[in-house]
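In order, the protein sequences belong to chains A and B.
If you want the working numbering, it's the position in the first sequence, counting the first as 1, plus 9.
If you want the working numbering, it's the position in the second sequence, counting the first as 1, plus 4.
Glycine included, every Cβ here is placed at the ideal spot set by N, Cα and C.
Here is the structure we will look at.
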Amino acid sequence: MNTSGGHIVLTGASGYIGRHFLKLALLSNFQVTILSRRPVAFCDKSLTRWFDWSLGKPPPDEAFQTNNTFSAPTAIVHLAHAWYDNDDEQRDNRADDINIFGMKLLIKAAHTHRIQRFIFASSMAAREDAPNFYGRTKWDLEQLLEGLDEVAARIGLVYGGQQAGLWKTLCTIVKMSPLLPMVESGRPSQPIHVDDVSEGLIRLATMEKLNRKVYRLADPVPVPFGRILQLIAKQTFSRSLIIIPISFRLVMKLLDILKYLPFIAEINRERLLGLSGILTSESENDLEDIGLQLRDFSEGLSYEHPQRRRLLLREGRVMLHYLTGEKPSGGAIRRYVRGVIAYGDSRPVRLPLPATIWPPLFRFFAPLPRRETNKQSPHRDTLEDRLSIALKFAETTTAGAVRMYDYRGTSKFGVIIGLAYMLVVEAILFPLRIISDWRYR
Amino acid sequence: MSKAQIIVIGSGPAGVSAAWPLVEAGIRVLMIDAGFSALSPPSIDRPDLMSMRKGDKNSWRDLLKSDLSGLRNASGTSPKLRCAADANFLQNYEELNRLETNNYSTFGALAVGGLSNVWGAAVPAFDNTDLEGFPFQAEELSESYSSVAKRIGISGEPNDEAVQGFKVLMQPGIPLAGFSSAFHKRYQENQGRVDFKMTRSRLAVLSQKLGDREACIEDGACMWGCTNGAVYNSAFDVEKLKKRPDFKLISGHLAESLERNNDGEYTLNVRDRKSSKVSTYTANTIVLAAGTLPSTRLVLALQKRFEEDIPFLTSPGLASVFCMPGMLGSPLPEKMLGLSQLSFRIGVDDFARNDAFGLLFDAAAMPAPDLISHMPFTLPAGIKLLRALLPALSIALVYLPGEYGRCRVKLSRDDEDAQSKLKITGGYATDIGTITDKLEKKLAQEFRHLGAFRLPGATQLYQPGAANHHAGTLPMGSETNSFGEVVGFPGLYVVDGSVLSRLPAKNLTFTIMANADRIGRHVAKKC
């Protein structure tokens with residue numbers, strides 16, 4: 010087993026970033042010691058080990074010790090963060106904060122076991138005067154990093170991968186409705202893909218020399234928050250989203266009033282404050298320093314999705330039903346998805362809504378033939394591309410094959426009547442297709 | 005560094021045809037090929053086309069392959085490239101051979117056997133008119149035609165010389181089926197037209213067992229590859245050659261450059277495609293059979309002819325679709341050959357040497373999706389229409405002689421790594437539109453006479469290069485002598501399409517093979 014990557018002690022492995030980081034670390038041949046409340050599912054005993062621990066407790070000594078399979082840890086990556094259920098729990102006396110003394114204990118353990126590299130997952134919101142508690146806490150935590158090799162990674166708005174954490178919330182929001190009233194929609198934010206975060210953290214854990222105390226892991230080009238949601242809607246879910254801006258002050262006022270009314274769903278003030286407190290900062294040099302190239306946000310989004318598969322399955326079901334005239338089998342639909350991932354752009358295409366309800370209606374929306382495909386991008390599949398893939402699958406199904414090939418023969422009269430009927434239907438459909446072609450292209 | 009008596013570069017039809025007479029003469033031959041292996045044929049127990057089209061639970065594996073590589077987009081090329089070839093088959097051909105194209109499509113395969121892994125196996129021979137401009141007597145070639153025909157096994161119709169060129173030894177033709185059968189019958193009843201002559205296609209497909217190769221089983225699924233070796237593939241010959249003690253094959257090694265030292269010895273630099281390591285081989289005699297464009301690059305680089313515009317010959321290719329209304333409603337044939345069953349020759353100009361040559365493919369053996377997607381209807385209507393038309397449809401693939409092409413190659417030096425690149429610029433003669441219009445009209449007229457009608461809007465002129473008939477960069481008689489030996493470079497023989505002095509409209513593989521055999525015999529005598 011090649012374990013040349015090194016050995017990382019990891020907290021927060023079951024969190025959103027943690028899970029992705031763990032996967033990448035294992036793929037990069039790191040050994041990982043996991044400190045968490047519950048064991049994380051892992052496959053290879055020579056690469057991972059788990060110790061029961063929760064933030065605020067001193068970490069067990071064995072976690073840092075070597076044995077037959079595990080070498081001495083080279084870095085601690087601290088991703089765990091304790092969240093509070095409501096505002097009241099957030100003390101003014103921050104010294105009592107479990108995040109702070111928990112991290113102190115970790116740093117102490119690192120010193121005891123001579124692990125120099127300590128990477129703390131901070132946030133782009135970390136500021137001494139951040140309007141929300143979270144931002145202020147992260148700032149305080151950063152101040153604990155005193156050693157030469159103890160650094161903070163200020164992470165931007167993380168998206169992508171498994172739907173969890175804030176990414177899950179964003180996905181839920183964009184799917185709720187095509188109209189979204191929103192405060193501070195113009196506030197810029199700096200996104201980063203969860204796999205890029207993981208890559209960045211691994212680089213921080215392994216780089217020979219770190220030149221900075223704080224590394225910003227976030228897209229150097231800020232995107233307005235409302236635009237971020239619109240892009241997620243469009244690229245990930247093929248939906249359109251209209252943002253209706255609302256005044257921030259008005260909402261805070263309303264919240265003040267609502268607080269006194271019973272039976273109203275709790276609205277998280279902390280989150281809203283967090284939103285208003287985001288400031289963008291220069292991250293380009295930090296990224297360059299560790300040689301990390303981020304994927305383009307808009308492009309990154311379109312490869313995302315747990316949702317993607319569901320949409321692709323629906324696409325396969327609709328297209329195969331449309332072409333073969335019968336409900337396709339599960340196997341045929343799954344093969345369609347496999348084919349689109351292997352030989353298409355692997356993203357769902359936008360289907361005409363009526364066709365998703367009753368696939369034969371697709372005919373009203375069938376794209377018009379074109380001499381030249383005016384593709385927006387050579388990497389994006391059009392409806393025609395997908396229909397062409399579906400057609401090849403249709404040939405392999407019983408219903409499709411019977412529709413395509415006649416090994417029994419038909420009377421000439423039957424053929425002529427059939428073709429005449431077909432031409433009449435096509436002629437009636439044509440004007441409708443012109444309209445939908447304009448609409449769905 | 006190792007030394008062989010003769011190095012043959014390329015394992016395609018030209019390479020093996022030149023290698024056979026050398027090996028037979030007891031000469032040690034080292035063959036170097038960029039391919040790792042030949043394309044693996046479909047399983048011998050693959051069901052026939054009719055069964056595959058019953059929508060059986062597993063027919064997707066046969067039609068699209070387990071890795072679904074049959075989904076690749078093959079528009080503008082033969083559906084065979086998506087159905088029979090695997091996903092990697094045509095990959096990297098241009099990059100690795102350092103070809104750069106402009107308005108020209110190249111395709112080639114870095115596989116043992118080259119493109120003969122997927123070819124249509126049409127093997128017309130040239131005739132005296134076709135050979136005008138070649139610097140040798142036609143008889144010289146006819147002997148080689150015969151010996152190649154004997155080796156690869158050809159089937160066809162007797163007395164077909166008017167269309168198919170020199171007479172060669174042939175097995176009986178594979179039974180005609182579907183459109184071709186009906187159309188051939190009509191032709192025989194209505195003969196007498198001067199400018200249009202049709203016979204069954206001469207094919208490198210066995211109708212009788214030959215050696216260890218079985219006869220064609222007419223399962224109709226030729227587009228998805230031949231299961232039993234009835235269709236010739238030069239990789240078969242490579243296997244046979246490998247059994248000879250004097251022959252050695254080095255596969256997965258790409259010829260990068262040639263050098264010649266003062267003693268007249270050639271050094272060949274070869275890159276291992278797996279490890280990227282470069283090794284060298286030396287020999288006094290090199291036989292180049294890498295394919296027209298790669299061979300041209302190697303020779304021009306050796307000659308250091310940078311930035312020189314060199315014309316070469318390309319056959320414009322045209323596809324047209326015909327329907328025989330009398331066949332509408334007939335059942336699709338249960339047994340048939342899925343390659344071209346009929347070939348024809350049609351006059352377009354006043355000179356016989358400008359005749360066009362065409363092959364007819366029954367649409368019944370083609371994958372319907374590739375035909376449906378060209379129709380201007382919704383797909384369900386297209387499916388319905390094609391189902392009705394399929395038994396009555398034929399696709400004519402017509403080639404014009406190389407004189408109608410206007411293509412050039414130029415060797416450019418890449419400053420960065422001092423490696424050269426072959427830049428190919430494609431084009432057709434300015435009057436190509438007039439010629440193809442004339443050809444289309446004439447075709448339509450001839451076919452109408454035989455009861456088949458041209459489908460409107462279905463005629464398509466291929467992009468230069470897409471018909472893959474190109475030749476004549478180093479023509480015998482000028483750049484090379486009558487045995488393909490490069491002028492000023494004794495011992496360097498080119499045996500592939502690059503040395504053809506003229507490019508008639510016919511499929512040229514058989515002639516390339518015969519010429520390579522001829523040159524091989526000559527080299528064997530000299531050694």
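- For residue 30 of chain A, the secondary structure class from DSSP, reduced to helix, strand or coil, is helix.
- As DSSP reads the structure, residue 357 of chain B sits in no beta bridge.
- B:165 is the residue among B:165, B:124 and B:443 whose C-alpha sits nearest the C-alpha of residue 132 of chain B.
- For residue 327 of chain B, the uninterrupted beta strand (DSSP E) run begins and ends at 321-327, by DSSP.
- Under the Cβ distance rule, residue 76 of chain B counts among the residues neighbouring chain A, one pair being separated by less than 8 angstroms.
- For residue 240 of chain B, there is no enclosing beta strand (DSSP E); the enclosing alpha helix (DSSP H) covers residues 238-246.
- Per the Cβ contact rule, the region 465-484 of chain B is in contact with the region 495-513 of chain B (3 or more Cβ pairs under 8 angstroms).
- At a cut-off of 8 angstroms between beta-carbon atoms, residue 332 of chain A makes contact with chain B.
- When the alpha-carbon of residue 237 of chain A is set against those of A:259, A:201, A:255 and A:217, the nearest one is in A:201.
- Taken atom to atom, the span from the alpha-carbon of residue 160 of chain B to that of residue 243 of chain A is near 59 angstroms.
- For residue 415 of chain A, the neighbours in chain B by C-beta distance under 9 angstroms run, in chain order, 333, 334, 335, 336, 391, 392, 394 and 395.
- Residue 326 of chain B is outside the set of residues whose beta carbon lies under 8 angstroms from a beta carbon in chain A.
- At a beta-carbon threshold of 7 angstroms, the residues of chain B lying near residue 419 of chain A are 333, ordered along the chain.
- Approximately 6 angstroms separates the beta-carbon atoms of residue 433 of chain B and residue 410 of chain B; this is inside 8 angstroms, confirming the contact.
- Between residue 344 of chain A and chain B, the shortest Cβ-Cβ separation is below 8 angstroms.
- Look at residue 113 of chain B here: in three-state DSSP terms it is coil, with no helix or strand label.
- Take the alpha-carbon of residue 37 of chain A and the one of residue 403 of chain A: they are about 41 angstroms apart.
- Contact between the region 280-293 of chain B and the region 88-104 of chain B is not established, with fewer than three Cβ pairs separated by less than 8 angstroms.
- Secondary structure of residue 383 of chain B (DSSP, three-state): helix.
- Using a Cβ-Cβ cut-off of 8 angstroms, residue 412 of chain A counts as an interface residue toward chain B, since at least one Cβ of chain B sits closer than that to its own.
- Between residue 58 of chain A and residue 79 of chain A, the CB-CB gap stays under 8 angstroms.
- In the DSSP assignment, residue 87 of chain A falls outside any alpha helix (DSSP H) and lies within the beta strand (DSSP E) extending over 84-87.
- At a cut-off of 8 angstroms, the C-beta of residue 465 of chain B has no neighbouring C-beta in chain A.
- If you draw a 10 Å sphere on the C-beta of residue 331 of chain A, you find 16 or more other C-beta atoms in it, and that means buried.
- The beta-carbon distance between residue 373 of chain B and residue 334 of chain B, rounded to whole angstroms, is 22 angstroms. This is too long to meet the 8 angstroms contact definition.
- The bridge partners DSSP lists for residue 270 of chain B are B:264 and B:287.
- The C-alpha of residue 235 of chain A lies about 9 angstroms from the C-alpha of residue 250 of chain A.
- In the three-state DSSP reduction, residue 480 of chain B falls in the strand class (E or B).
- Sixteen is the threshold: since fewer than 16 other Cβ atoms of the shown chains lie within 10 Å of the Cβ of residue 310 of chain B, the residue is exposed.
- DSSP links residue 255 of chain A through a beta bridge to A:192.
- The three-state secondary structure of residue 219 of chain A, taken from DSSP, is coil.
- From the beta-carbon of residue 405 of chain A, the residues of chain B found nearer than 7 angstroms are 59, 63, 64, 67 and 68.
- When C-beta distances to chain B are compared with 7 angstroms, the residues of the region 344-368 of chain A below that value are 344, 347, 348, 351 and 352, in chain order.
- Secondary structure of residue 233 of chain A (DSSP, three-state): strand.
- Counting only runs of 4 or more residues that sit fully inside the region 149-213 of chain B, the alpha helix (DSSP H) segments are 165-168 and 182-193, in chain order.
- Remark: three or more beta-carbon pairs, one from each stretch, lie closer than 8 angstroms, so the region 341-353 of chain B and the region 190-206 of chain B are flagged as touching.
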